[in-house]
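> Have a look at this one before I ask anything.
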Ligand SMILES: [Zn+2]
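Numbering (the numbering used here), first residue to last: 2 to 256.
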């Protein structure tokens, strides 16, 4: 089924090196022309100023500078520089101040044990950060984790509500794999989230299906091997589009 949804498609640094920045952007350009869909490109968790500047120059529509590993002042300084440069080119900047923990894979740890080691986003601090940097989107940590777990990580939706009241920019929700549907729906209804990152569920669908296909076959033509793998990933994407549809914005890349 064709969902006809607007999308954000992104690459991490690793994925960008794998595809090549220009190859990735050309592929999306081609797809835009073929489908007439509104598709934005995002550079996800850009680790530094130079990498994000390269993404802006190459023609990404959004860049996410992840300065959560830096001291607050340093993070503000770099984010602010990027916002000024990006806005001159009509590119949007997503910023991050509180690290979103976990990796894009299946975890054996409990979500609570990882959440406990994180620093949940404080609404007042977030408001000050956004005022100082002028970022367009803030990636918040409200219990959302990268990866999937034996149990769904629960979101601190009351905190999200307070952040949404105080912060003047849009918000993003990383760790969109393996969440409770009701948590996701309520988070969207709060009104400021315009971007939900999904990755791990796509990676798992890809790998599991590919393993199954290869196990029962001696086929060597990739175009014959891949259709069920693509269909499995597409199914997850379509389910997410339907879940997120309240806002017509979703993202497939990291998480
Ligand atoms: Zn992320």
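From the three backbone atoms N, C-alpha and C, an ideal C-beta is built for every residue, glycine too.
Tell me where the beta strand (DSSP E) around residue 194 begins and ends.
194-199
> Relative to the C-alpha of residue 160, which residue among 150, 170, 125 is closest?
125
> Are residue 134 and residue 164 touching if we call contact CB-CB under 8 Å?
no
> Of the residues 206, 170, 195, which one's Cα is nearest the Cα of residue 179?
206
> Contact criterion: CB-CB distance below 8 Å. Does residue 179 meet it with respect to chain B?
In the displayed structure, chain B is absent; only one protein chain is listed.
> For residue 148, is the classification buried or exposed, using 16 other Cβ atoms within 10 angstroms of its Cβ as the cut-off for buried?
buried
> What residue range is occupied by the uninterrupted alpha helix (DSSP H) comprising residue 26?
22-36
> Under the DSSP definition of a beta bridge, which residues are partnered with residue 47?
66
> Pick out the complete alpha helix (DSSP H) segments inside the region 138-204, 4 residues or longer, and give them in chain order.
158-167, 182-191
> Between the region 169-176 and the region 207-220, are three or more C-beta pairs nearer than 8 Å?
The region 169-176 and the region 207-220 do not touch, with fewer than 3 CB-CB distances between them shorter than 8 Å.
> Apply the 10 Å Cβ neighbour rule to residue 236 and answer buried if 16 or more other Cβ atoms are within range, or exposed otherwise.
The residue is exposed, with fewer than 16 neighbouring Cβ atoms inside 10 Å.
> At what residues does the beta strand (DSSP E) containing residue 96 begin and finish?
93-97
> Taking only runs that begin and end inside the region 100-142, name each unbroken alpha helix (DSSP H) of 4 or more residues, in chain order.
Taking only runs of at least 4 residues, the alpha helix (DSSP H) segments lying wholly in the region 100-142 are 112-116, 124-134.
> Tell me whether residue 88 counts as near ligand 1, meaning its Cβ is closer than 7 Å to at least one heavy atom of that ligand.
No, the beta carbon of residue 88 sits no closer than 7 Å to any heavy atom of ligand 1.
> Is residue 8 helix, strand or coil by DSSP?
strand
> Pick out whichever of 128, 42, 158, 203 has its Cα sitting closest to the Cα of residue 91.
The candidate whose alpha carbon is nearest that of residue 91 is 42.
> Alpha helix (DSSP H) containing residue 72: first to last residue?
Per DSSP, residue 72 belongs to no alpha helix (DSSP H) and is neither H nor E.
> Based on Cα-Cα distance, which residue from 31, 214, 51, 219 lies nearest to residue 229?
The shortest C-alpha separation from residue 229 is found at 214.
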